[in-house]
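Only one structure is covered here, and it is reproduced in the block below.
Number of protein chains: 2
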Amino acid sequence: MRQTQLFTKTSKQLNQEETSANAQLLVRGGYIDKLMAGVYTLLPLGRRVVDHIEQIIREEMDAVAGQEVSMPALQPKDNWVKTGRWDSMRDILYTIKDEAGHEYTLGPTHEEIVVPLAKQFIQSYKDLPISIYQFQSKFRKELRPKSGILRGREFLMKDMYSFHATVEDLDAYYERVTAAYLRVFTRLGLQDVTYLTYASGGVFSKYSHEFQTVTPAGEDTIYICDGCRLAINHEIRHETPHCPSCGKDQFTTAKAIEVGNIFKLMTKFSEPFGLGFTDASGARLPVIMGCYGMGLTRLLGTIVEIDHDEKGIIWPEAVAPYRVHLLNLSKDSVQADAAYASLQAAGVSVLYDDRLVSPGVKLGDADLLGLPQRVVISQKTGTNVEVKLRSQPDSQLIPFDQLLATLTTPNV
Amino acid sequence: MRQTQLFTKTSKQLNQEETSANAQLLVRGGYIDKLMAGVYTLLPLGRRVVDHIEQIIREEMDAVAGQEVSMPALQPKDNWVKTGRWDSMRDILYTIKDEAGHEYTLGPTHEEIVVPLAKQFIQSYKDLPISIYQFQSKFRKELRPKSGILRGREFLMKDMYSFHATVEDLDAYYERVTAAYLRVFTRLGLQDVTYLTYASGGVFSKYSHEFQTVTPAGEDTIYICDGCRLAINHEIRHETPHCPSCGKDQFTTAKAIEVGNIFKLMTKFSEPFGLGFTDASGARLPVIMGCYGMGLTRLLGTIVEIDHDEKGIIWPEAVAPYRVHLLNLSKDSVQADAAYASLQAAGVSVLYDDRLVSPGVKLGDADLLGLPQRVVISQKTGTNVEVKLRSQPDSQLIPFDQLLATLTTPNV
């Protein structure tokens, strides 16, 4: 992509409304645009990052036999009355009433839709287990949305729901999904700062689990066990003096962002909808369920919180909108055009800064946008080009004809 | 995908509520599920078809320099008041009011969002032209949704918006997008039955254009010119006695589904939002706009209306959820398992009917589901396998070891 053709431009202006680093950098870089509090547009660069995050999650959900669907955002009130959540979640449900007097909500989650849906296809134990997921915009009334895109009123989620004949089968699958989640965070470069965290389980389970990414920008407080790599959420800290995993009682307090949560729903939603199955002996039993959420726009913001410096974003290669930022600082564009063409021909994704602006502006924007590899072509470098990783301070000069080989070798 | 693992099952039951062939077949095949009138879930098979449609559209929009974004569904009332459409579109806008008294709508279209967004990045003629598109769930109040997924209350659209310095530039781009749309319909197998159709242009343009696919299930009436390959919509038939393209006055009447529409918005939306640019002489001018819609869930239904017979769906290969339906009619699964493994290893997408049900059920479901190529393995075929195109009545027997070569040759 030639930067002269790109829809967006970078901005130097700090936005007074945005107090978080993620929103400042994403807005200034032209990754996202704020329509209103808690509601953002994904601009072309941001859309590319989210596409990469989505594809990583999709691969890992498919690897645990998840089947992708798309459920509606618009949901009938009746389903929510049936689970009691039309009232209990009143504070966060957007509601709509049409001329005919019918009422709807915009789903912040999809148990009320997926359970009656599953009921159509699950009759016997032979139909179990099954796991269904989707990527979808969720809606949640927040009177005071904050923290940029970390807590929004409209946000992109992956939500998965699993259905089992026995608690043992749910337990085993829950472990598989836990491992899949950890693989997602590893691929997103968040593995060192993301903790599997015990949280309140509600009526049906002792614990649920969150995946918490440690950063000063976090709204949650977690207690990281000094004895193992697990944490407990502040909500259960009081009643949980010992680590539920290793039993130790020394913790380190940290601020964190909840980037995912998994929950053993057991029969909480199967019962109100009468979702049952016939076991091998012919007995009728309720289906056992689990649910598994992960916030995509929240992950976008979290990655920026974790991976930035005072100059801008530092994208992990797996999610960067483009891998290479090619900067032409020469007076003519002959050499840079040739480099752009050869990188494109080799299938390397490149953002090419072909604008007629000063070298300082280009170098500053490259740091702000944060693509993993910067390639500078200028009079100064002669027949060489300068290659620099955004994550490293030092650059190196390499002969122009070795550019392709250098960039297609990992970690240069 | 093994059919024993597939979330959905086929159904023989005709649904009394669904009067259209598309909804009957898609629901019976387990492609979609109706949550309520005009609101459907895309099930795993349906999701795969829509993914393929989406990718074809994306490639063609990228080829005309479209840049993909994701704008919010939740939109502030103020933007809609500014264009006068809060009142004029009142009948189709879902509205939401929160505790703080703020009002919102769920976007049935995005001019009210994209124009103020573009204003942030368009200052001079050098920033033009630009073209922005998205795939997104749209919402539209329909008191009597009908025709299955052809006219919904929540539906998936591709909407693109272009911005130009001159009418001539818009005209040229409009022609490019027209050609891109025709390429999409060709790739979807709809080229022979889809007509570029003149429709009412409103105040700012003489005509807009629709893409109408002829089928008895259509809700629109079009008049196809006997002299050229264009049509006119019934809305303008009265005032348009002659074909606007070739001037002839003989038409054939047909029922059709509107699968896309393109519109020269001119300055209709730039003006209320003050979206202007500075030209080369320093003069300030309003930006000229075009918009280009295409309904994805509607295309899903239209393809089924066009491509089905009394037994079920006949998917075009470009959008089929899987390319091959492998049916094991043998008592053991040795040969079928081997065929499944070798097709998967070769990257051929396969749905493998490994269920313990009768041959008649399997053959019936294969016709209902409509995958392009059916491969039958049975005692009867011995060391051969039977290969049949869903679109053709005749099958052929081929040696097992030639299966892969046969299936990877186009149009066997």
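Heads up: the sequence lines are chains A and B, in that order.
Residue numbering for the first sequence follows my numbering, starting at 1 and increasing by one per position.
Residue numbering for the second sequence follows my numbering, starting at 1 and increasing by one per position.
Cβ atoms here follow ideal geometry from the backbone N, Cα and C, with glycine treated the same way.
So if DSSP puts Gln-134(B) in a beta bridge, which residue, or which two residues, is it bridged to? Gln-134(B) is bridged to Asp-159(B).
Per-residue burial, Lys-246(B) [other beta carbons within 10 Å of its own, 16 or more giving buried]: The amino acid occupying residue 246(B) in the given sequence is Cys; Lys does not appear at that position. Exposed, by the Cβ-count rule.
In its own chain, which residues sit with a C-beta less than 7 angstroms from the C-beta of Ile-314(B), not counting the 5 before and 5 after it? These residues qualify, in order along the chain: Asp-307, His-308, Gly-370, Arg-390 and Ser-391.
When you compare the CB positions of Ser-69(B) and Leu-43(A), do they come within less than 7 angstroms of one another, or not? According to the sequence as given, residue 69(B) is Val; it is not Ser. The answer is yes: Cβ separation under 7 angstroms.
Using a Cβ-Cβ cut-off of 8 angstroms (strictly less than) and excluding sequence neighbours within five positions of His-234(B), which residues of its own chain qualify? Shown here for His-234(B): same chain residues with a beta carbon closer than 8 angstroms to its own, the five before and five after excluded, namely Asp-220, Thr-221, Ile-222 and Tyr-223 in chain order.
Gln-67(A) versus chain B: which residues are under 7 angstroms apart at the beta carbon? Taking a Cβ-Cβ threshold of 7 angstroms, the residues of chain B close to Gln-67(A) are Phe-7 and Pro-44, in chain order.
Can you tell me the Cα-Cα spacing of Ala-63(A) and Arg-2(B), whole angstroms? Roughly 15 angstroms between the two C-alpha positions.
By Cβ distance, which residues of its chain are closer than 8 angstroms to Thr-4(A), with the 5 residues on each side in sequence left out? Non-local C-beta neighbours of Thr-4(A) in its own chain, meaning closer than 8 angstroms and more than five positions away in sequence, comprise Asp-354 and Arg-355, ordered along the chain.
Look up Gln-425(A) in the DSSP assignment and say whether it is helix, strand or coil. Residue 425(A) lies beyond the range of chain A shown here (1 to 412); nothing can be said about it.
Span separating the alpha-carbon of Val-376(B) from that of Ala-65(A): A direct Cα-to-Cα measurement between Val-376(B) and Ala-65(A) gives close to 26 angstroms.
Please state whether the Cβ-Cβ distance between His-209(A) and Leu-196(A) is less than 7 angstroms. Using a Cβ distance threshold of 7 angstroms, His-209(A) and Leu-196(A) count as a contacting pair.
Terminal residues of the beta strand (DSSP E) in which Leu-14(B) lies: Segment: none, Leu-14(B) is in no beta strand (DSSP E) and carries neither H nor E.
At least one CB of chain A closer than 7 angstroms to the CB of Arg-85(B): is that the case? It does not: the Cβ of Arg-85(B) has no partner Cβ on chain A nearer than 7 angstroms.
Can you tell me the Cα-Cα spacing of Ile-94(B) and Glu-258(B), whole angstroms? The displayed chain sequence assigns Tyr, not Ile, to residue 94(B). The straight-line gap from Cα to Cα measures roughly 23 angstroms.
Give, in chain order, every unbroken run of the alpha helix (DSSP H) that is at least 4 residues long and sits entirely within the stretch 65–115 of chain A. DSSP runs (the alpha helix (DSSP H)) wholly in the stretch 65–115 of chain A: 77–82 and 85–88.
Quick one: does Val-416(B) have its CB under 7 angstroms from some CB of chain A? Residue 416(B) lies beyond the range of chain B shown here (1 to 412); nothing can be said about it.
Identify the residues that DSSP records as bridge partners of Glu-154(B): which are they? According to DSSP, Glu-154(B) bridges with Phe-139(B).
Backbone CA spacing between Ala-172(A) and Gln-134(B) [nearest angstrom]: Approximately 39 angstroms, taken between the alpha carbons.
If we cut at 7 angstroms on Cβ distances, does Arg-183(A) have a partner in chain B? So no, Arg-183(A) is outside the interface.
Can you check whether the C-beta of Pro-129(B) is within less than 7 angstroms of a C-beta belonging to chain A? No, its Cβ sits nowhere closer than 7 angstroms to a Cβ of chain A.
Opposing strand residues paired with Ile-149(A) [DSSP bridges]: None; Ile-149(A) has no bridge partner.
Give me the DSSP bridge partner(s) of Tyr-422(A). The structure shown does not extend to residue 422(A), since chain A spans only 1 to 412, so no value can be given for it.
Just to make sure I have the definition right: I need the residues of chain A whose C-beta is within less than 7 angstroms of the C-beta of Lys-141(B). Which are they? The contacting residues are Asp-98.
Entirely enclosed alpha helix (DSSP H) segments - the stretch 296–334 of chain A, minimum 4 residues: With a minimum length of 4 residues, the continuous alpha helix (DSSP H) runs that stay inside the stretch 296–334 of chain A are 296–306.
Tell me the DSSP secondary structure of Cys-228(B) in three-state form. In the three-state DSSP reduction, Cys-228(B) falls in the coil class, being neither helix nor strand.
Taking all protein chains shown into account, do 16 or more other C-beta atoms lie within 10 angstroms of the C-beta of Cys-228(B), making it buried, or fewer, making it exposed? With fewer than 16 neighbouring CB atoms inside 10 Å of its own CB, Cys-228(B) falls in the exposed class.
My assumption, with CB atoms under 8 angstroms, is that Gly-38(B) sits in contact with Glu-112(B). Please give the rounded CB distance. Not confirmed; about 23 angstroms, so no contact.
Per the contact definition of three or more C-beta pairs closer than 8 angstroms, is the stretch 44–54 of chain B in contact with the stretch 83–94 of chain B? No: fewer than three Cβ pairs fall under 8 angstroms.
Measuring CA to CA, which of Asp-87(A), Asn-328(A), Gly-312(A) and Pro-72(A) is closest to Asn-22(A)? Taking only the C-alpha atoms, the option nearest Asn-22(A) is Gly-312(A).
Inspect the beta-carbon positions of Ala-256(A) and Gln-212(A) and report whether they are closer than 7 angstroms. For Ala-256(A) and Gln-212(A), yes; Cβs fall inside 7 angstroms.
Quick one: does Val-412(B) have its CB under 7 angstroms from some CB of chain A? Low confidence applies here, because Val-412(B) scores a pLDDT of 40, under 50, leaving its location unreliable; read the following figure in that light. Using beta-carbon distances, Val-412(B) does not count as an interface residue toward chain A, since no partner is under 7 angstroms.
Identify every residue that forms a DSSP beta bridge with His-164(A). Beta-bridge pairing links His-164(A) to Ile-288(A).
Measuring straight from C-alpha to C-alpha, what distance separates Gly-107(A) and Leu-74(A)? Using only the alpha carbons, I get a separation of about 7 angstroms.
Since Met-160(B) and Tyr-292(B) should fall inside the 8 angstroms C-beta cutoff, what is the C-beta to C-beta distance between them, to a whole number of angstroms? Yes, they are in contact, since the Cβ atoms of Met-160(B) and Tyr-292(B) sit about 4 angstroms apart, within 8 angstroms.
Simplified DSSP state of Arg-237(A), which is helix, strand or coil: Helix, per DSSP.
Determine, using beta carbons only, whether Met-266(B) and Phe-163(B) come nearer to each other than 7 angstroms. Cβ distance not < 7 angstroms, so Met-266(B) and Phe-163(B) don't count as in contact.
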